[in-house]
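Undergrad: Using my numbering, you'd call the opening residue of the sequence shown number 93 and step up by one each time. Ideal Cβ positions, reconstructed from N, Cα and C, are used throughout, including at glycine. So that we are looking at the same thing, I have put the structure below in structure tokens.
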Amino acid sequence: MDITTTDAWQALRTHAEHFSDLELRSLFAEDADRVERMTLSVGDLVVDFSKHRVTPDVITDLVALAETTGVAGRTSAMMRGDRINSTEDRAVLHTALRATTSRMIEVDGVDVVPDVHRVLRQMAAFTDRVRDGDWVGATGMPIETVVNIGIGGSDLGPVMAYEALAAFRHPRLRCRFVSNVDSTDLAAALSDLDPSTTMFVISSKTFTTQETLTNARSARGWLIDRLGDDAVAKHFVAVSTNADEVAAFGIDTANMFGFWDWVGGRYSLDSAIGLSLMLAIGAEAFGEMLDGFRIVDDHFASTPIEANVPALLGLIEVWYRTFCDLPTRAVLPYSRYLHRFPAYLQQLDMESNGKRVRIDGESVTYETGPIIWGEPGTNGQHSFHQLLHQGTTVVPTDFIVMGSPDHTDEVFVDAEAHHDLLVANCFAQAEALAFGKTPQEVAETEPEPALVSHRSFPGNRPSTMIMAPALTPSVLGQLVALYEHQVFTQGVVWGLNSFDQWGVELGKVLAVAIVPELTADEEPVLAHDASTNALIRRYRALRK
Ligand code: F6P
93 MDITTTDAWQ
103 ALRTHAEHFS
113 DLELRSLFAE
123 DADRVERMTL
133 SVGDLVVDFS
143 KHRVTPDVIT
153 DLVALAETTG
163 VAGRTSAMMR
173 GDRINSTEDR
183 AVLHTALRAT
193 TSRMIEVDGV
203 DVVPDVHRVL
213 RQMAAFTDRV
223 RDGDWVGATG
233 MPIETVVNIG
243 IGGSDLGPVM
253 AYEALAAFRH
263 PRLRCRFVSN
273 VDSTDLAAAL
283 SDLDPSTTMF
293 VISSKTFTTQ
303 ETLTNARSAR
313 GWLIDRLGDD
323 AVAKHFVAVS
333 TNADEVAAFG
343 IDTANMFGFW
353 DWVGGRYSLD
363 SAIGLSLMLA
373 IGAEAFGEML
383 DGFRIVDDHF
393 ASTPIEANVP
403 ALLGLIEVWY
413 RTFCDLPTRA
423 VLPYSRYLHR
433 FPAYLQQLDM
443 ESNGKRVRID
453 GESVTYETGP
463 IIWGEPGTNG
473 QHSFHQLLHQ
483 GTTVVPTDFI
493 VMGSPDHTDE
503 VFVDAEAHHD
513 LLVANCFAQA
523 EALAFGKTPQ
533 EVAETEPEPA
543 LVSHRSFPGN
553 RPSTMIMAPA
563 LTPSVLGQLV
573 ALYEHQVFTQ
583 GVVWGLNSFD
593 QWGVELGKVL
603 AVAIVPELTA
613 DEEPVLAHDA
623 STNALIRRYR
633 ALRK
């Protein structure tokens, strides 16, 4: 289907011609109910959409676009297990990972929910043993450090959530996350570890990922050098869909936690890929996180588009990216513990919707996935916020903020005062971005006329404010599900398959070919482009 020919699309094109006239100051002045009308909640999340450069007519046409492109039908198809990932011929069922036992979700006539809960029970039993000190290593010592080795979705979700839920961690257990094939990553993680108390969780859906297997082999060598071959069974477990490769690596499949091809890597935090997280926060808190996911799943599946929070977030992104030509979106958590959340979202969003070919194989004729980036506030305020406020590019921004401090320990007394300051800064940034400071307002206090233009803020820079009471496991699950479904909505409207990632393949293939050219004793015959050939030769010279 060519959506550009639909009425909703044409109407939005017309609205977008007047985008520069959409002034937040006027939109607020003209509509006393705007904030109330444009603040929605889902679970514990309160989402204020009012600072977006949209009118009720724009929203109506975006909702019509979602209806025309079949967002609701596609959601049902995903959640009931249809093979909507058509280029890989797979179902897309991350929502089944948090389904209760009362649900039945079939793939090829087989209910997957009992299997999901079987693995959750297996994870919980293992987790309890490790946390209780009942699982001991080869020298009889309890585990104190869990090293998760994985990359992409087998790293970013677990590390993001481990950091986010720092306040919920087991006092004896800590996790480290090794992803980069750069040897410093593994070396730094292992440098101060005692092998007797170290457990490796090798996380890889395919168990063929070059970086992960290279790191896993080196970790195994490190362990064997210190504790001998037999130690592997007590110090290595695997999370994967590929039992054959796990066994080939030398990990007993009794110590393997499985999942399924219908879980995409970037949607796998709540599968067994979350094992390191579960080890850190316990099975109960992990279950609370799944409950949080489910709250948003239920809302997304059952709420009309005009009140559907993830769908509206997705549609507003479509408005900015496709119709208003804004290339990027910032995600700014005002929460130190959410410092890996933007990186997590980068994979979720950019690997899902960074595509230029529609699901039917035709090229799109419009802009799709935005560039996602961000850092926690308030730090960003002292660096890139300059561009957000006064640069030439308008960057729609997501602010995420909690009602109370994230940590629970009583290290010092004035955590509340810090938090008040944090929240004040968050609100102030959103206010300044939206409403700016006009030259007239600046001139009232600025005696030097030459400085007025420098000190003026154009404002009219849109943002979403997402607030929750506290960064609990449930709230984290809600946040992740919110973004998963936002990304899904965008993908449907753009006509993309948000669940494949062919764009990562070419580089992998080329790297495999280049490795022997870097390491060969004899000067290799190189058949790359001139630049790559020269780089290889230069590296070979340095390597010698
Ligand atoms: O290369 C991209 C990718 O396939 C991601 O989609 C995935 O999350 C990551 O690599 C890791 O894959 P695996 O879990 O199979 O090691």
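1. Contact defined as beta carbons within less than 8 Å: I believe THR300 pairs with GLU337. What is the distance between those atoms, to the nearest angstrom?
2. Determine the closest residue to PHE378 out of VAL607, HIS107, THR564 and VAL155, with distance taken between C-alpha atoms.
3. For ASP153, which three-state DSSP category applies?
4. Please find out if some non-hydrogen atom of ligand 1 comes closer than 7 Å to the beta-carbon of THR298.
5. To which residues does DSSP link TYR426 through a beta bridge?
6. Between the Cα of GLY595 and the Cα atoms of MET171, THR537 and LYS447, which residue gives the shortest distance?
7. Just how far apart, CA to CA, sit ILE365 and TRP465?
8. For VAL208, count neighbouring Cβ atoms within 10 angstroms of its own Cβ and tell me buried if that reaches 16, exposed if not.
9. For LEU571 versus LEU257, is the C-beta distance shorter than 8 Å?
10. First and last residue of the beta strand (DSSP E) that includes ARG133?
11. Tell me the rounded alpha-carbon separation between ARG268 and ASP344.
12. Which residues does DSSP list as the beta-bridge partners of ASN177?
13. Measure the Cβ-Cβ separation of ARG358 and LEU440 and say whether it is below 8 Å.
14. How many whole angstroms separate the CB atoms of MET348 and ALA340, which I take to be in contact at a CB cut-off of 8 Å?
15. Return the Cβ separation of LEU116 and ALA526 in integer angstroms, given the expectation that the two are a contact with Cβ distance under 8 Å.
16. Starting from CYS267, follow its DSSP beta bridges and name the residues at the other end.
17. What's the C-alpha gap between LEU610 and ASN272?
18. Out of curiosity, what's the CA-to-CA distance linking GLY320 and GLY229?
19. Could you say which of GLU180, ARG386 and VAL239 lies nearest to LEU189 if we only look at CA atoms?
20. For LEU480, I'd like the list of residues in its chain whose CB is within less than 6 Å of its CB, leaving aside the five on either flank, ordered along the chain.
21. Here's the rule: buried if 16 or more other CB atoms are within 10 angstroms of the residue's CB, otherwise exposed. What is ARG213?
22. Quick one: give me the first and last residue of the alpha helix (DSSP H) that THR656 is part of.
23. Count the other C-beta atoms from every protein chain shown that fall within 10 angstroms of the C-beta of ASN177, then say buried if there are 16 or more, exposed otherwise.
TA: For this structure:
1. 6 Å
2. THR564
3. helix
4. yes
5. VAL493
6. LYS447
7. 24 Å
8. buried
9. no
10. The residue asked about is misnamed: residue 133 is Ser in this sequence, not Arg. Run containing SER133: 131-134, per the beta strand (DSSP E) assignment.
11. 22 Å
12. ARG182
13. yes
14. Incorrect: roughly 12 Å between the Cβ atoms, too far for contact.
15. 5 Å
16. VAL238
17. 19 Å
18. 12 Å
19. ARG386
20. VAL487
21. exposed
22. Residue 656 cannot be examined here, being either before or after the span of the chain that is shown, 93 to 636.
23. buried
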